[in-house]
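Protein chains in written order, with the numbering used here: chain A, 1 to 271; chain B, 272 to 584.
To keep things clear, I will list the structure first and then write my remarks on it.
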């Protein structure tokens, strides 16, 4: 494998997103939402202004769980199928580059753009709030940003996999939307539904493990479990064993959510 | 990395060799048992109808798609083997209807492909100049006309000083002046020893320009050789246009009566004579013996188009 080839493709993908202001637009969206949540998150209780980092992160988690998977899927769904449909894939593959290098280059370039906009968007808020945050709060906020990046990278990996399997861009976009619906809206409902219908008889013990089968849930657990103020509020402490909530373990699960779809995409792309 | 430059003892050996190459998509035989030898420094044409299998063969020669069976070697190295990087660094490819990146400038496009090919970035400026795009180097590709995109695609193929060029319908969208300049570049490259494999629908355009060519139909090579070889293989008739006074039309007819003539047609101011190649010299001699009554004589050899339709029909 030649790293230089991966870097060339990745660099082009990244600078394409910088140039067309995609990174700037997404970063501004993140900044705006984060600032609004930080300052007006407590408006329903009759007060405005920053209250605590725990509450701010809990609110941001709810937002990010919807937003980042969608952005990542939109970013990556045509990574390969788009090149194929436009007719530029043959020319790329006629270069001294392997399919794995091309796929990784695409992925890393898009992941860099998503990471950059996530860090820039939420990082700017950290800078604005820094006067009101102690080191512990900053640490938590940093953890939130890192897990947001991992969440984005996991869904981007899924998107790139879809872009390899899909026959055309239209189907790829349909698959991307279906993936978002499944993981963000339907998955938890299905689990809860199974628990309720079976009166807790079915799936009770494996329920925490099933949550790991959804990167959005892994992200939620990563953030909520580390915040003492909100853990009980979410009820996660009662259903999720503390041993499974180890941030390193959850981080590893997130990396698996990045590696496995990319591995499947590579296998398919080589065929 | 394997060195695929020719060694002296290999200089006359074919540079590109295809043996028993097949590509089947289910019941469809896109390429069906192709054997081909292309020599170093040759300008080789591949012609055929749409769907004849030219582009599929091209893609297999580039290692873009695997053959169902058979093998393709470039200077001895398998195009899909361990030396594929060395093979591809020695190859320039211009796909049919090349698609480049609209958001990049012409210069950035070449810089991107130069990096992928491992070519020097210093090559990009001269490559643009060579195809006449130096003035448009800093314009976005989205502002380029179809012909300019095609020229930029050609410049891309020239990066890395390739020893072999695969050009699929390279003159699509080019104006006559650009076509002339394109073939002038190909001639120059041939003099530098570059091997070019070219497909074109415009047979008249490549007729006088290729060293040899192959005619593909239904995934098979029907014939290959020089244009003259193919004319002879096809045994197509020649046409003489004999300009004589109207009063001498019968004289011409009588002079040729004892020869193997396929047809004689009297036109306004000339006689058209159709005959087999083997009768060509006898016809000329018979006409020369008409004591200066023949004012002008033109021999029309079968065109590449005639040959092509002869084989493909």
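Quick reminder that beta carbons are idealized off the backbone N, C-alpha and C, glycines included.
Compute the beta-carbon to beta-carbon distance between residue i and residue j, rounded to the nearest angstrom, for a pair I have assumed lies under 8 Å.
| i | j | result |
| --- | --- | --- |
| residue 255 of chain A | residue 215 of chain A | Wrong, their Cβ atoms sit about 11 Å apart, outside the cutoff. |
| residue 435 of chain B | residue 286 of chain B | 7 Å |
| residue 453 of chain B | residue 442 of chain B | 6 Å |
| residue 628 of chain B | residue 477 of chain B | Any question about residue 628 of chain B goes unanswered here, given that chain B covers just 272 to 584. |
| residue 282 of chain A | residue 79 of chain A | Examination of residue 282 of chain A is not possible in this model, given that chain A is present from 1 through 271 alone. |
| residue 506 of chain B | residue 571 of chain B | The Cβ separation is near 16 Å, so there is no contact. |
| residue 490 of chain B | residue 302 of chain B | 5 Å |
| residue 377 of chain B | residue 445 of chain B | 16 Å between Cβ atoms; not a contact. |
| residue 513 of chain B | residue 460 of chain B | With 8 Å as the limit, residue 513 of chain B and residue 460 of chain B do not qualify as a contact, their Cβ atoms being about 42 Å apart. |
| residue 375 of chain B | residue 383 of chain B | 7 Å |
| residue 292 of chain B | residue 331 of chain B | 6 Å |
| residue 38 of chain A | residue 50 of chain A | 5 Å |
| residue 245 of chain A | residue 269 of chain A | Going by Cβ atoms, the distance from residue 245 of chain A to residue 269 of chain A rounds to 35 Å, so no, they are not a contact pair. |
| residue 480 of chain B | residue 314 of chain B | 7 Å |
| residue 555 of chain B | residue 544 of chain B | That pair is no contact at about 11 Å. |
Whose CA, out of the options, lies closest to the CA of residue i?
| i | options | result |
| --- | --- | --- |
| residue 409 of chain B | B:502, B:380, B:562 | B:380 |
| residue 247 of chain A | A:140, A:54, A:210 | A:140 |
| residue 482 of chain B | B:291, B:322, B:310, B:437 | B:310 |
| residue 185 of chain A | A:65, A:32, A:124, A:126 | A:65 |
| residue 511 of chain B | B:503, B:504, B:537, B:490 | B:537 |
| residue 578 of chain B | B:556, B:416, B:475 | B:475 |
| residue 116 of chain A | A:178, A:145, A:62, A:179 | A:145 |
| residue 13 of chain A | B:395, B:500, B:430, B:372 | B:372 |
| residue 468 of chain B | B:490, B:304, B:303, B:318 | B:318 |
| residue 143 of chain A | A:118, A:160, A:98 | A:118 |
| residue 105 of chain A | B:387, B:449, B:451 | B:387 |
| residue 340 of chain B | B:294, B:369, B:322, B:312 | B:294 |
| residue 60 of chain A | A:207, A:90, A:223 | A:223 |
| residue 530 of chain B | B:522, B:540, B:546 | B:546 |
| residue 261 of chain A | A:192, A:161, A:244 | A:161 |
| residue 321 of chain B | B:440, B:458, B:501, B:553 | B:440 |
| residue 177 of chain A | A:53, A:163, A:189 | A:163 |
| residue 271 of chain A | A:165, A:34, A:209, A:210 | A:165 |
| residue 582 of chain B | B:508, B:539, B:488, B:526 | B:488 |
| residue 102 of chain A | A:114, A:245, A:83 | A:83 |
| residue 566 of chain B | B:527, B:580, B:523 | B:523 |
| residue 33 of chain A | A:17, A:56, A:132 | A:56 |
| residue 75 of chain A | A:90, A:94, A:21 | A:21 |
| residue 553 of chain B | B:528, B:361, B:458 | B:528 |
| residue 2 of chain A | B:539, B:296, B:356 | B:356 |
| residue 89 of chain A | B:361, B:370, B:457, B:362 | B:370 |
| residue 498 of chain B | B:437, B:401, B:573 | B:573 |
| residue 4 of chain A | A:130, A:108, A:86 | A:108 |
| residue 438 of chain B | B:448, B:447, B:427 | B:427 |
| residue 308 of chain B | B:450, B:466, B:326 | B:466 |
| residue 188 of chain A | A:135, A:169, A:249, A:213 | A:213 |
| residue 576 of chain B | B:525, B:484, B:456 | B:484 |
Is residue i near the ligand COA, in the sense that its beta carbon is under 8 Å from a heavy atom of that ligand?
| i | result |
| --- | --- |
| residue 492 of chain B | You won't find the ligand COA in this model; it holds no ligand whatsoever. |
Uninterrupted alpha helix (DSSP H) stretches inside the stretch 508 to 541 of chain B (no shorter than 4 residues): 520 to 526
Residues from the stretch 14 to 25 of chain A in contact with chain B, defined by Cβ distance under 8 Å: 16, 19, 20
Meets three-Cβ-pair contact criterion under 8 Å: the stretch 219 to 226 of chain A and the stretch 146 to 160 of chain A: yes
Against chain A: residues of the stretch 315 to 328 of chain B by CB proximity under 7 Å: Listed by position, the residues of the stretch 315 to 328 of chain B near chain A (Cβ gap below 7 Å) amount to none.
Inter-stretch contact (C-beta, 8 Å, three-pair minimum) for the stretch 407 to 423 of chain B and the stretch 15 to 33 of chain A: no
In chain order, each beta strand (DSSP E) run of at least 3 residues that lies wholly inside the stretch 304 to 345 of chain B: Here the runs fully enclosed are 314 to 319, 340 to 345.
Three or more C-beta pairs below 8 Å linking the stretch 334 to 348 of chain B and the stretch 287 to 294 of chain B: yes
Interface residues of the stretch 87 to 115 of chain A facing chain B [CB-CB below 7 Å]: 87, 88, 90, 91, 93, 94, 95, 96, 97
Contacting positions in the stretch 385 to 397 of chain B - beta carbon closer than 7 Å to chain A: 386, 387, 388, 389
In chain order, each beta strand (DSSP E) run of at least 3 residues that lies wholly inside the stretch 400 to 448 of chain B: 435 to 439
Whole beta strand (DSSP E) elements within the stretch 446 to 503 of chain B, 3-residue minimum: 466 to 470, 483 to 488, 491 to 496
Segment contact flag, the stretch 153 to 169 of chain A with the stretch 64 to 84 of chain A, C-beta cutoff 8 Å, min 3 pairs: yes
Interfacial residues, the stretch 331 to 356 of chain B to chain A, with Cβ spacing under 7 Å: Result list: 333, 335, 356.
Any 3 or more C-beta pairs closer than 8 Å across the stretch 424 to 434 of chain B and the stretch 384 to 402 of chain B: yes
Cβ contact (3+ pairs, closer than 8 Å) linking the stretch 320 to 339 of chain B and the stretch 517 to 534 of chain B: no
Those runs of the alpha helix (DSSP H) which lie wholly inside the stretch 112 to 199 of chain A and span at least 4 residues: Residue ranges of uninterrupted alpha helix (DSSP H) with 4 or more members, entirely inside the stretch 112 to 199 of chain A and ordered along the chain, are 135 to 165, 169 to 180, 187 to 197.
Segment contact, 8 Å Cβ cut-off, at least three pairs: the stretch 124 to 133 of chain A with the stretch 87 to 106 of chain A: no
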